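Asker:
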Amino acid sequence: MSQTTSNNSATSESPPYEVDECRGVLRVYSDGSIWRSSEPSFKVPVNDDGSVAWKDVLFDPTNNLRLRLYKPANFTSSTKLPIFYYIHGGGFCIGSRAWPNCQNYCFKLALGLQAVIVSPDYRLAPENRLPAAIEDGFTAVKWLKAQASAEEPDTWLTEVADFGNVFISGDSAGGNIAHHLAVGLEAGSPELAPVRVRGYVLLAPFFGGTVRTKLEAEGPKEAFLNLELIDRFWRLSIPKGETTDHPLVNPFGPNSRNLETTNLDPILMVVGGSDLLKDRGKEYADKLKSWGKKVEYAEFENEQHGFFTINPDSDPSLKLMSVIKAFISQNSC
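Mapping of the sequence shown onto our numbering: position 150 corresponds to residue 132, and the numbering continues sequentially without gaps.
Listed below in structure tokens is the structure:
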């Protein structure tokens, strides 16, 4: 056993101690070691009644990343279904396509939107700090391009999916990823042809900045996503030595891409009125609108961060489903 000596007395080195914890499923220790639970932080039953068919697919063998595909089980129409990506949240540190809350919401999306849902995983921090998750988002959509062009396609997908009508959504950290996909692919998504992205749905995207917004500074400490947890997620996920004005965190940071001159497909920005991230979402929508971008803003009064997955059968969640469905209808080819 290694020892240190102080005041002429030998003492054992202190064992590692916990320095960070995230919703009971991630623990980071002083020696850099990490513990992850095999259980989800949201322990709810999976509501699989057979009305939605689903399966898992390996989309990135190098990083052993999978995505989960969903479609209405009894779909028989000759008209193919739009494709809707749902990228999960979790502050870039926790979450999975396989968590029950994510799976249940994808069931709702598949039936409510009458769409094929693609729910990809991505590498998590702090083991894999940003930009890993952003890179995995691009890999997940390029996987779809490969499916559209395959000589021997997966007919489970290709028989029902309209590759010319793709929408990319993300929840919280997933909304941040969706933003970077919108910026990186630009309007028309030419590098994905024959796949065509028609729009993006940013669900309370996880953005940050060194200057606090009013709601971040003054919002309730008991919020579902409170300021201390926001700061912890950023501390664990941004590149070491960087601040929250990093371009991957703050879309309007000093070194961020100029969005005024970037061609973007239509965007739907969704925020909860009581979400500490609301001000950043509204600023994003307002600035892009002022620059002539096609942006729709939907704010749900008094709703917390992630309200649509926490209670997907609530009136606001059902209204949100209608808003998303209308956005898809308005922007489909």
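Idealized CB from N, CA, C, for every residue including glycine.
This structure is a prediction, so every number in the text was calculated from the model and none was measured.
Run the CB neighbour count on Lys222, radius 10 Å, all protein chains shown included, and call it buried at 16 or more, exposed below.
Answerer: Taking the first residue of the sequence shown as 1, we reach residue 222 at position 240. Exposed: under 16 other Cβ atoms inside 10 Å.
Asker: Measuring CB to CB, does Val183 end up less than 8 Å from Phe309?
Answerer: One-based indexing of the sequence shown puts residue 183 at position 201. One-based indexing of the sequence shown puts residue 309 at position 327. Yes. Within cutoff.
Asker: In chain order, which continuous runs of the alpha helix (DSSP H) of length 4 or greater are located wholly inside the stretch 87 to 162?
Answerer: Whole alpha helix (DSSP H) segments, 4+ residues: 114 to 131, 137 to 140.
Asker: Among Pro229, Phe24, Lys62, which residue has its Cα nearest to the Cα of Leu95?
Answerer: Here residue 95 refers to the residue found at position 113 of the sequence shown. Minimum Cα distance to Leu95 is reached at Lys62.
Asker: Taking three-plus beta-carbon pairs below 8 Å as touching, is the stretch 214 to 221 in contact with the stretch 240 to 256?
Answerer: Flag = no, the stretch 214 to 221 and the stretch 240 to 256 do not touch.
Asker: Please report how far the alpha carbon of Val165 lies from the alpha carbon of Ile16, in whole angstroms.
Answerer: The residue you call residue 165 lines up with position 183 of the sequence shown. The residue you call residue 16 lines up with position 34 of the sequence shown. Distance between the alpha carbons of Val165 and Ile16: 33 Å.
Asker: Rounded to whole angstroms, what's the CA-CA distance from Ser311 to Ile249? Just pull it up for me.
Answerer: Residue 311 sits at position 329 when you count from the first residue of the sequence shown. Residue 249 sits at position 267 when you count from the first residue of the sequence shown. The alpha-carbon atoms of Ser311 and Ile249 are separated by roughly 13 Å.
Asker: Closest by CA to Glu210, which one among Glu0, Cys4, Pro(-2), Ser(-4)?
Answerer: Looking up residue 210 in the sequence shown gives position 228. Of Glu0, Cys4, Pro(-2), Ser(-4), the residue nearest in Cα terms is Cys4.
Asker: Could you give the distance in angstroms between the alpha-carbon of Pro294 and the alpha-carbon of Ser60?
Answerer: Numbered from its first residue, the sequence shown carries residue 294 at position 312. Numbered from its first residue, the sequence shown carries residue 60 at position 78. Distance between the alpha carbons of Pro294 and Ser60: 29 Å.
Asker: What are the start and end residues of the alpha helix (DSSP H) that includes Tyr266?
Answerer: Residue numbering aside, residue 266 sits at position 284 when the sequence shown is read from its first letter. Here the alpha helix (DSSP H) through Tyr266 covers 260 to 272.
Asker: Measuring straight from C-alpha to C-alpha, what distance separates Ala205 and Thr137?
Answerer: Sequence index remark: in the sequence shown, residue 205 carries index 223 (1-based). Sequence index remark: in the sequence shown, residue 137 carries index 155 (1-based). In a straight line, the C-alpha of Ala205 is about 44 Å away from that of Thr137.
Asker: Leaving out the 5 sequence neighbours to the left and right, which residues in its chain are closer than 7 Å to Pro(-2) when beta-carbon positions are compared?
Answerer: Reading the sequence shown from its first residue, position 16 is the one you call residue -2. Within the same chain, Pro(-2) has close Cβ partners Tyr11, Ser12, Asp13, Ser15.
Asker: Using 10 angstroms around the beta-carbon of Thr291, count the other beta-carbons present and answer buried if the total reaches 16, otherwise exposed.
Answerer: Position 309 of the sequence shown, counted from the first residue, corresponds to residue 291. It is buried - the Cβ of Thr291 has at least 16 other Cβ atoms within 10 Å.
Asker: When DSSP builds the beta bridges, which residues end up paired with Lys62?
Answerer: Looking up residue 62 in the sequence shown gives position 80. In the DSSP output, where bridge partners are listed per residue, Lys62 has none listed.
Asker: From Asp31 to Tyr52, what does the alpha carbon distance come to, in whole angstroms?
Answerer: By 1-based counting over the sequence shown, the position of residue 31 is 49. By 1-based counting over the sequence shown, the position of residue 52 is 70. So the two alpha carbons sit approximately 13 Å from each other.
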